[in-house]
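Engineer: The following block contains the structure, expressed as structure tokens.
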Amino acid sequence: MRKQNSTFKTAFTSEADKNLKNTDSFGYVELDKYACYVIADGIDDQVDGESAKLAVDTIISAFTESPSIRKGAIRRYLRAANRALLTADSKMRLKASVIVLVTDYAKLRYGQAGNARLRLYRDGFLRLQSQDQSLSMDLVKAEKLEPDKLAKHQERHNLYCYLGQEKDFRPYISKKCKLSDSDAAALLTRGVWEHVDDGLLKDAFADASDEPQETVDGVEDLLLSPQPKDLGSYTFATIFFNKVYTDPNRKRKIKRAIMIAIPILLVVIVLSIVLTVLYRNRQKQIAAMEQSYYDAIEYIQADNYVRAREECQKALGLAEKLDQEEIHSDANNYMKLIESVIAGDDALTNGQYSDAQRHFLNARNRARYADNLGVDYLNERLAQTSQYMSVYELISLGDTLAQGMQYEVAEEQYLAARALAAQIYFDTGRDDAVAALEKLYADQAEAQAQDAENAQQVAEAQASAASIAAEGDAALAEGNYESARALYTTALQKYTELEDQGQIDALTAKLAAITVQQNAQAELVAEAESYVSQAETAYSEGNFVQAKKYYLLARDVYAQMGNDAKLSEVTRRLEVIAMGISEQEAAEREAAEREAAEREEDEQAGTPAPESPSPVPSTSVSPAPDTVG
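In this text, residue positions in the sequence shown follow numbering that gives the first Met the number 0: the first is 0, and each later residue adds one.
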């Protein structure tokens, strides 16, 4: 209806630079009740102009889904484009300047982010113009820069608002502007306004016909005629509002309305008053809702999430009451972000660092659906939480090492934890590290005292064992094998308890040697006793020579054994035997002399000497020696 009763004509040109790169884009859609025109200037230097095209397509799509000329609607279109650029799968960060113009065929409203420009001309005069969101434009407003110098100023591209902005995205939304027949709008990117000043552009529209393409061609000639060397890609679009929508039955309807209104005027007045009151109340509520909504955003940006939650709750309640779906949806996303941040802050304050990290990560994910508000704060909180966790990881490692009595390495971990905590001004972590150090030093002192006590006990035990072993050595030197064995066994038990392997091996060797010596001694004793037995047998038979031989053998064995008692006893027996042998020899000599004398006498007498009988052994027998053994 509106579109059919109006005449809007649109024409545009969009050209790439000398490198065949076109980072601009223009698009529009004209519906029955509303029309939307969008121009975008990519500022990411993408070869395919991804930023500008994505921005235009996103805005046109959002408009088509929910066409409206309201401020909130246009702001929503721009936010949708901003999110699209932020979340785009691209190797580079996407950024763009944009102008979106929305009209209901009778009025227009525009939204802006960056330095793409809008100009509205009426009867050859400039009726409306956009203001660049740049540092150069701020200088112009402050009268520190001449307007005609703006196009070449070095800060003209230093933007404080643009699509692809992560934080504080605040596009400008204009008031409504009533259109008149023969109005004309111009949309242009920097490639045009850097080379064609506003005066020439105004002249082009002052001399315009009813066909917008002629104006587009004329402006393009103005742009290209000087053959600028630094000309990049450019886009210029114009909309001719040749006929603005007016209700064809307006006058007749007015007259009829007056006639009808008279009878019900009083009722209308009453209803008007009531409705006015209700409307004003609603407007107050809407204003309160919007105030709370934007206050919540400001508190989030100021990192005051407690106040942000209060304001956001107010905005949510009013939005639900007033059926403001857009505000309710956005505020709900903000509330989810706020609640996660507050939960993370509480967990961090309470020392629940793993929970804090989980809440902050969740909040950062939710920030994508809340215009990326609070991302810097969340990154700082995540870094802080990670550092806090590092402090306690060092303390925990120190505790483990301390339990293993690795005190020096544990001390290094505690000192590292204390240093890190001091560096990040983490008082609680520093205090816990200091407490851990104090406990470590106390445990270390206690362990040292216990070690000293244990060392003393070990020294005493070693001294006792050494004394017993020395007694065993003395007994062994005296030939007291059994006593030596008992002492060595006792000393061995003590050294076993002390785990002194050297002494254990030495005493084991000594005990083995005692066994060998005892066995050898037993053999010598048996040998000596055998000699003594044979000597006693020979002596009893009167064979003193043989007896002497065996006693001599026995004496040698006892001398080898070092058995002085037995040696003395055998020596005494040998002396007795020696005496017995001497008496026997004397008797034999006497008998022989007597026999020789008798034989000589007989020879002298001439009497044949009788045959000498066999000598009779002397009957004199030495007393038997004492029994040996």
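Don't be surprised by glycine CBs; every beta carbon is placed ideally from N, CA and C.
For Phe7, which three-state DSSP category applies?
Structural biologist: If you number the sequence shown from 1, residue 7 lands on position 8. In this structure, Phe7 counts as strand in the three-state DSSP scheme.
Engineer: So, are the CB atoms of Arg467 and Thr489 less than 8 Å apart?
Structural biologist: For the purposes of this step, residue 467 is identified with residue 468 of the sequence shown, where counting begins at 1. For the purposes of this step, residue 489 is identified with residue 490 of the sequence shown, where counting begins at 1. Arg is not the amino acid found at residue 467; the sequence shown has Ile there. The answer is yes: Cβ separation under 8 Å.
Engineer: Between the C-alpha atoms of Ala10 and Leu347, what's the straight-line distance to the nearest angstrom?
Structural biologist: By 1-based counting over the sequence shown, the position of residue 10 is 11. By 1-based counting over the sequence shown, the position of residue 347 is 348. C-alpha separation (whole angstroms): 59 Å.
Engineer: On the premise that Leu117 lies in contact with Ser129, defined as a C-beta separation below 8 Å, what is that separation, rounded to the nearest angstrom?
Structural biologist: Residue numbering aside, residue 129 sits at position 130 when the sequence shown is read from its first letter. Residue numbering aside, residue 117 sits at position 118 when the sequence shown is read from its first letter. Your pair Ser129 and Leu117 checks out as a contact, with CB atoms roughly 4 Å apart and the cut at 8 Å.
Engineer: Quick one: what does DSSP say Leu19 is sitting in, helix, strand or coil?
Structural biologist: Residue 19 sits at position 20 when you count from the first residue of the sequence shown. Coil, per DSSP.
Engineer: For the structure I just gave you, are there three or more beta carbon pairs, one from the stretch 233–249 and one from the stretch 7–23, closer than 8 Å?
Structural biologist: These segments touch.
Engineer: Can you tell me which of Ile394, Leu223, Gln422 and Gly343 puts its alpha carbon nearest to the alpha carbon of Lys438?
Structural biologist: Sequence index remark: in the sequence shown, residue 438 carries index 439 (1-based). When each option's Cα is compared against that of Lys438, the closest is Ile394.
Engineer: Let me confirm a value: Tyr530 is counted as buried when at least 16 other C-beta atoms fall within 10 Å, else exposed. Which label applies?
Structural biologist: For this step, residue 530 is matched to residue 531 along the sequence shown. With 16 or more Cβ atoms within 10 Å of its Cβ, Tyr530 is classed as buried.
Engineer: May I ask you to report which of helix, strand or coil DSSP gives Tyr376?
Structural biologist: Position 377 of the sequence shown, counted from the start, is the residue given in the question as residue 376. The answer is helix: DSSP assigns Tyr376 an H, G or I state.
Engineer: Do Ile68 and Gly26 have their C-beta atoms closer together than 8 Å?
Structural biologist: Residue mapping note: residue 68 aligns to position 69 of the sequence shown, counting from 1. Residue mapping note: residue 26 aligns to position 27 of the sequence shown, counting from 1. Going by C-beta atoms, Ile68 is not nearer than 8 Å to Gly26.
Engineer: Taking the C-alpha atoms as reference points, what is the distance between Lys17 and Tyr120?
Structural biologist: Taking the first residue of the sequence shown as 1, we reach residue 17 at position 18. Taking the first residue of the sequence shown as 1, we reach residue 120 at position 121. Their backbone Cα atoms lie some 32 Å apart in a straight line.
Engineer: Under the rule that 16 or more other beta-carbon atoms within 10 Å means buried, what is Ile576, buried or exposed?
Structural biologist: Locating residue 576 in the sequence shown gives position 577, counting from the first residue. Flag for Ile576 reads buried.
Engineer: Under 8 Å: do the stretch 165–184 and the stretch 381–388 share three or more Cβ pairs, one atom per stretch?
Structural biologist: With the cut-off at 8 Å, the stretch 165–184 and the stretch 381–388 do not touch.
Engineer: Does the Cβ of Val99 have 16 or more other Cβ atoms within 10 Å, making it buried, or fewer, making it exposed?
Structural biologist: Within the sequence shown, residue 99 is the residue found at index 100, counting from 1. Burial call: buried.
Engineer: Have a look at Tyr538 and Ala525 and give me their C-alpha separation to the nearest angstrom.
Structural biologist: Taking the sequence shown and counting its residues from 1, one reaches residue 538 at position 539. Taking the sequence shown and counting its residues from 1, one reaches residue 525 at position 526. Their Cα atoms are separated by approximately 20 Å.
Engineer: Quick check on the DSSP output: the beta strand (DSSP E) that includes Thr237 runs from which residue to which?
Structural biologist: As a first step, residue 237 must be located in the sequence shown, where it is residue number 238. Run containing Thr237: Tyr233 to Lys242, per the beta strand (DSSP E) assignment.
Engineer: Which residues does DSSP pair with Lys335 in a beta bridge?
Structural biologist: Against the sequence shown, residue 335 aligns to sequence position 336. Answer by DSSP bridge pairing: none, since Lys335 is not bridged.
Engineer: Taking its Cβ as the centre, do 16 or more other Cβ atoms sit within 10 Å of Gln164, making it buried, or is it exposed?
Structural biologist: For the purposes of this step, residue 164 is identified with residue 165 of the sequence shown, where counting begins at 1. Buried is the call here.
Engineer: Rounded to whole angstroms, what is the Cα-Cα separation between Ile296 and Lys228?
Structural biologist: Taking the sequence shown and counting its residues from 1, one reaches residue 296 at position 297. Taking the sequence shown and counting its residues from 1, one reaches residue 228 at position 229. Straight-line Cα distance between these residues: approximately 45 Å.
Engineer: Is the number of C-beta pairs between the stretch 403–422 and the stretch 454–464 that are closer than 8 Å three or more?
Structural biologist: no
Engineer: What does DSSP give as the partner residues of Thr12 in its beta bridges?
Structural biologist: Walking along the sequence shown from the start, residue 12 turns up at place 13. Beta-bridge pairing links Thr12 to Phe235.
Engineer: What is the rounded straight-line gap between the Cα of Gly231 and the Cα of Gly190?
Structural biologist: For the purposes of this step, residue 231 is identified with residue 232 of the sequence shown, where counting begins at 1. For the purposes of this step, residue 190 is identified with residue 191 of the sequence shown, where counting begins at 1. Approximately 6 Å, taken between the alpha carbons.
Engineer: Which first and last residues belong to the alpha helix (DSSP H) in which Ser353 is found?
Structural biologist: For the purposes of this step, residue 353 is taken as the residue at position 354 of the sequence shown. Unbroken alpha helix (DSSP H) run through Ser353: Tyr352 to Ala366.
Engineer: DSSP three-state call for Ser619: helix, strand or coil?
Structural biologist: On the sequence shown, position 620 is the one that residue 619 refers to. With a pLDDT of 41 at Ser619, under the threshold of 50, the modelled position of this residue cannot be trusted; read the value that follows with caution. Here Ser619 sits in coil by DSSP.
Engineer: Comparing C-alpha positions only, which one of Gln492, Glu481, Arg251 and Lys335 sits nearest to Thr514?
Structural biologist: Translated into positions along the sequence shown, residue 514 becomes position 515. That would be Glu481, whose Cα lies nearest to the Cα of Thr514.
Engineer: List the whole-angstrom C-beta distance separating Leu573 from Leu552, where the pair is believed to meet the contact cut-off of C-beta under 8 Å.
Structural biologist: For the purposes of this step, residue 573 is identified with residue 574 of the sequence shown, where counting begins at 1. For the purposes of this step, residue 552 is identified with residue 553 of the sequence shown, where counting begins at 1. About 11 Å; that fails the 8 Å criterion.
Engineer: What's the C-alpha gap between Ser322 and Gln282?
Structural biologist: As a first step, residue 322 is located in the sequence shown; it is residue number 323 there, counting from the start. As a first step, residue 282 is located in the sequence shown; it is residue number 283 there, counting from the start. According to the sequence shown, residue 322 is Asp rather than Ser. Those two C-alpha atoms are separated by around 13 Å.
Engineer: Between Pro66 and the rest of its own chain, which residues show a CB-CB distance below 6 Å, the 5 nearest in sequence each way excluded?
Structural biologist: Locating residue 66 in the sequence shown gives position 67, counting from the first residue. The residues are Leu30 and Tyr33.
Engineer: Apart from the five residues just before and just after Glu310, which ones in its own chain have a Cβ nearer than 7 Å to its Cβ?
Structural biologist: Counting from 1 along the sequence shown, the entry for residue 310 is found at position 311. Around Glu310: Ser291, Asp294, Ala295 and Tyr298.
Engineer: Could you work out which residue in Tyr368, Phe204, Ala342 and Arg363 is closest to Ser328 when comparing CA atoms only?
Structural biologist: In the sequence shown, the residue the question calls residue 328 occupies position 329. Relative to Ser328, the option among Tyr368, Phe204, Ala342 and Arg363 whose CA is nearest is Tyr368.
Engineer: Counting only the same chain and skipping the five closest in sequence on each side, list residues whose C-beta sits under 6 Å from that of Gly41.
Structural biologist: Residue 41 sits at position 42 when you count from the first residue of the sequence shown. For Gly41, where only same-chain residues beyond five positions count, the Cβ hits under 6 Å are Thr22, Gly48, Ser50, Ala51 and Ala95.
Engineer: Buried or exposed: Ser680, going by 16 or more other Cβ atoms within 10 Å of its Cβ?
Structural biologist: Summary: the structure shown does not reach residue 680, with the chain confined to residues 0 through 628, and so no result is reported for it.
Engineer: In terms of residue numbering, what span does the alpha helix (DSSP H) encompassing Arg281 cover?
Structural biologist: On the sequence shown, residue 281 is found 282 positions in, with the first residue counted as 1. Unbroken alpha helix (DSSP H) run through Arg281: Leu264 to Gln300.
Engineer: I'd like to know whether the C-beta atoms of Arg308 and Leu336 end up nearer to each other than 8 Å.
Structural biologist: Reading the sequence shown from its first residue, position 309 is the one you call residue 308. Reading the sequence shown from its first residue, position 337 is the one you call residue 336. Not in contact: Arg308 and Leu336 (Cβ atoms no closer than 8 Å).
Engineer: Using DSSP's beta-bridge definition, name the partner residues of Glu29.
Structural biologist: Residue mapping note: residue 29 aligns to position 30 of the sequence shown, counting from 1. Note: Glu29 sits in a beta bridge opposite Ala34.
Engineer: May I ask you to report which of helix, strand or coil DSSP gives Val97?
Structural biologist: To locate residue 97, count along the sequence shown from 1; it is residue 98. Correct three-state label for Val97: strand.
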